[in-house]
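Worksheet: one structure, shown below.
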Amino acid sequence: APSRQNFADRLEAALPPARLALLKLVAQRAHQRRLPVYVVGGFVRDLLLNRPSQDFDIVVEGDAIALARALEREFGGRVTSHSRFGTAKWHIAEIRVSLLKNALHLDESNANDLPEFLDLISARTEFYDYPTALPTVERSSIKLDLHRRDFTINTLALRLDGRHYGDLYDYWGGYADLQRGLIRVLHSLSFVDDPTRMLRAVRFEQRFGFQIEERTLQLMQEARDLLRQVSGDRLRHEIDLILAEENPLPALKRLDDLQLLTAIHPDLHWEPHLAEPMRKVLKDPLEPAWCLPETWGGTPIRRALAYLVWFLPFSTEKSLSLAQRLRLPHHLREGLKIGTSLVPTLKDLPNLTPSQVVARLDGVPLPVIYALYQLYYDTEVAAVLHTYATRWRHIHPVTDGHTLRTMGLTPGPSYRRILWTLRAAWLDGQVQSADQERALLEQLLASRTS
Ligand code: CTP
C-alpha cells in the first residue's frame with residue numbers, strides 16, 4: 045500500500061500565493077466533479093528535496109480536457125487540447141482576470157504571479173510498440189500513470205482534492221530513494237523502452253549528487269548499445285539539457301566513463317582538458333568586449349559555444365560526422381567546418397601582420413573565434429584572436445563605396461580591392477589619419493589611371 049504522508053505544509057510554503065490559490069481552485073472544481081487530481085513528477089521530487097520549483101503540471105484521474113473546459117466556461121481564458129493524449133492547456137493570461145482574481149481572493153500585485161497557462165493531463169499509460177518508438181497512449185489510473193515514468197524519484201504524486209489535500213502517493217519507494225540518494229528504474233525494460241533515459245539517469249545523478257543504483261547501472265550497461273538506434277534529434281535534446289545544467293561537467297565525464305558517449309558515436313568522448321574552456325563558455329560571463337550575440341542561428345550562444353569547444357579539436361571530417369550524428373543546427377555545422385580547417389593554421393597567427401590576420405579571420409563566425417580563444421587560452425594564439433575580435437575586426441577606412449562613386453570611379457570589383465588596401469594600411473599602421481588615408485587613396489587612383 046502506498047504511504048500516506050502529508051506534505052500540505054511544504055506545498056503551502058513553496059508556492060507563491062497566486063499559484064497556490066490557482067492550484068486550490070482547480071483542486072476544488074475537480075473535487076466537485078469527483079475527480080482525483082495530483083501534482084506529480086519533478087515538481088514533487090524537488091519539493092521533497094527542499095529545492096522547490098514553481099512549475100507544475102496537474103494530473104487528473106479522469107478527463108482532464110473536460111475539467112479544463114469547465115474552468116474555461118466558468119472563468120474564461122482559452123483551452124487548447126490534444127484528445128489523443130488527453131491533455132489540455134488552459135491559457136489564463138487571456139482570462140477575464142477579474143473573475144479569477146475574485147475567486148482566488150488576489151490583489152493586483154499577487155495576480156502578476158499567475159502563470160501564463162496551466163497544463164492539465166489525464167492520467168495515462170503508454171505502450172511502446174517496439175524499442176525506441178514513440179509510445180501509444182491510453183487513459184488510466186494515477187498508479188499506472190506513475191508507473192510509466194523513468195525513475196522512482198520521479199514517480200511521486202501529491203493529491204490535491206478534498207480531504208486528500210497534501211497526501212503523498214508513493215507506489216514505488218520514490219521517497220525512500222530520494223532520502224537515500226538513489227536513481228533507480230522501476231522495471232528492467234525501462235532503458236529498452238526509452239534509451240534516452242540513460243542520459244537522464246546521469247543528469248539527475250549529477251544534479252542531485254545521487255548515485256545510480258547498482259541494478260540500474262547494470263541495466264544501463266546492458267542497454268547501452270541501444271543508443272545507436274536513437275535519433276540525433278532526441279540525443280541532441282538530452283545533451284542540450286545536460287549542457288543547461290548548473291554544472292554539466294561531471295555529467296559529461298560520467299557519460300564518458302559509462303561509455304555512453306561512444307555508444308552514441310564512436311568518436312564522441314569527453315576530454316578532461318575541455319573542462320576549463322567548457323566552464324568558461326557555459327558559466328563565466330562572456331567577455332563583453334567581444335560583443336557576442338545572444339543567439340547564433342537560433343541556438344542560445346552558450347550552448348553553441350559549448351558544442352564548438354567540444355568538437356573543434358577534432359579533424360574536420362570527425363567533427364562533421366559528430367555534428368551529423370547529433371543533427372546540430374546548420375550554423376554550428378558550418379562553424380565547425382570553417383573552424384576545424386582553421387585550426388592547423390592557427391599557430392602561424394602570431395607571426396602575421398594585422399592585415400594578414402584579418403584576411404584569414406574575416407568570414408570566420410565570431411562564436412567560432414571565441415571558442416578557439418578559450419581553447420587556446422593564455423597562449424600567443426589566443427592573444428591574437430582576442431585583438432582581432434576586440435579591435436582589428438572593427439577597423440575600417442573612412443572611405444566607402446559611396447566615396448569612390450562620388451570620386452567618379454565606376455562601380456566594380458576594383459572597389460573591393462581599393463577598400464581592402466586602405467583597410468590593410470590602417471591595420472598595419474601605414475595610415476593613421478583621414479588625411480593620410482586620403483593621400484593613399486589618391487595615390488592608388490593615380491597609379492590606376494597612369
Ligand atoms: N519522463 C520519462 N522518460 C523520459 C522523459 C520523461 O519517464 N524519457 C517522465 C519523468 O518521470 C518526468 C516526467 O516524464 O517526471 C516529465 O519529464 P521532464 O519534464 O523532463 O521532467 P522533470 O523531472 O521535471 O525534469 P527537470 O527537473 O529536468 O525539468
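In my numbering, the protein residues as written are 45 to 494.
Quick reminder that beta carbons are idealized off the backbone N, C-alpha and C, glycines included.
Closest to residue i by CA distance: which of the options is it?
i      : options                        : result
Ala245 : Arg228, Ser232, Arg278, Pro357 : Arg228
Ala284 : Thr260, Leu299, Arg347         : Here residue 284 is Asp; the residue named in the question, Ala, does not match the sequence. That would be Arg347, whose Cα lies nearest to the Cα of Asp284.
Gly210 : Ile109, Arg48, Val236          : Arg48
Arg298 : Ala403, Asn50, His313          : His313
Tyr213 : Asp238, Val84, Arg95, Gly407   : Val84
Gly121 : Ala137, Leu111, Ile109         : Ala137
Val325 : Gly341, Asn94, Val353, Leu279  : Val353
Tyr215 : Thr450, Val401, Asn198, Leu484 : Asn198
Arg280 : Leu302, Leu376, Gly225         : Leu376
Cys335 : Ala427, Arg435, Lys327         : Arg435
Leu67  : Phe100, Leu79, Ala333, Asn94   : Phe100
Asp238 : Gln250, Glu258, Arg193, Arg404 : Arg193
Asp107 : Thr443, Glu378, Leu79          : Leu79
Ala288 : Glu257, Gln476, Arg323         : Arg323
Phe51  : Asp392, Gln273, Ala132, Tyr82  : Tyr82
Gln524 : Leu271, Asp269, Glu290         : The question about residue 524 has no answer here: the residues shown for the chain are numbered 45 through 494.
Just the C-alpha distance for residue i and residue j, rounded to the nearest angstrom, thanks.
i      : j      : result
Ser127 : Ala220 : 35 Å
Arg371 : Ala307 : 16 Å
Gly253 : Gln265 : 21 Å
Phe235 : Arg467 : 59 Å
Gly452 : Tyr351 : 49 Å
Pro388 : Arg437 : 21 Å
Asp329 : Phe358 : Note that residue 329 is Pro in the sequence shown here, rather than Asp. About 26 Å.
Ile345 : Ala415 : 11 Å
Gly206 : Asn146 : 21 Å
Gln496 : Ile439 : Absent from the structure is residue 496, since the part of the chain shown begins at 45 and ends at 494.
Pro457 : Ala478 : 23 Å
Lys187 : Ala295 : 31 Å
Gly225 : Glu282 : 22 Å
Asp301 : Leu230 : 24 Å
Phe87  : Pro96  : 7 Å
Glu315 : Val475 : 46 Å
Asp157 : Gln98  : 10 Å
His75  : Thr124 : 22 Å
Can you tell me where the alpha helix (DSSP H) with residue i in it begins and where it stops?
i      : result
Phe100 : Counting along the chain, Phe100 falls outside any alpha helix (DSSP H), and DSSP gives it neither H nor E.
Val442 : Element bounds for Val442: n/a, residue is neither H nor E.
Val274 : Looking at the DSSP string, Val274 is not in any alpha helix (DSSP H), and its letter there is neither H nor E.
Gly86  : 86-92
Thr306 : 304-308
Leu234 : First, the amino acid is wrong: residue 234 is Ser here, not Leu. Element bounds for Ser234: 234-237.
Gly456 : It is not in any alpha helix (DSSP H) - Gly456 carries neither H nor E in the DSSP assignment.
Given a cut-off of 9 Å, decide if residue j and residue i are closer than it, judged by their beta-carbon atoms.
i      : j      : result
Phe161 : His191 : no
Ser365 : Asp311 : yes
Leu150 : Ala62  : yes
Leu222 : Leu202 : no
Val104 : Ser184 : no
Leu91  : Ala58  : yes
Tyr417 : Ala433 : yes
Thr196 : Gly217 : yes
Gly276 : Arg369 : yes
Glu481 : Trp470 : yes
Met242 : Leu293 : no
Ile462 : Leu488 : yes
Leu356 : Leu380 : yes
Ile102 : Leu204 : yes
Leu390 : Val425 : yes
For residue i, count the other beta carbons within 10 Å of its own beta carbon; 16 or more makes it buried, fewer makes it exposed. Which is it?
i      : result
Ile286 : buried
Glu56  : exposed
Glu338 : exposed
Gly130 : buried
Leu318 : buried
Glu320 : exposed
Leu263 : buried
Gly383 : buried
Ser363 : buried
Thr260 : buried
Val93  : The identity of residue 93 in the sequence shown is Leu, whereas the question assumes Val. So Leu93 counts as exposed.
Leu419 : buried
Asp53  : exposed
Looking at the unbroken beta strand (DSSP E) that takes in residue i, where does it start and where does it end?
i      : result
Asp205 : From DSSP, Asp205 is part of no beta strand (DSSP E); its letter is neither H nor E.
Ser399 : Element bounds for Ser399: not the beta strand (DSSP E) but the alpha helix (DSSP H), 398-405.
Val428 : No beta strand (DSSP E) contains Val428, which is instead part of the alpha helix (DSSP H) from 424-434.
His75  : Counting along the chain, His75 falls outside any beta strand (DSSP E), though it belongs to the alpha helix (DSSP H) covering 61-76.
Asp301 : Segment 293-301 is the alpha helix (DSSP H) holding Asp301; no beta strand (DSSP E) there.
His191 : That residue, His191, is in no beta strand (DSSP E); its alpha helix (DSSP H) goes 186-191.
Phe161 : 161-166
His126 : 120-126
Answer yes or no: the CB of residue i versus the heavy atoms of the ligand GDP, is any distance below 8 Å?
i      : result
Asp157 : Looking for the ligand GDP in the displayed structure turns up nothing; the ligands present are the ligand CTP.
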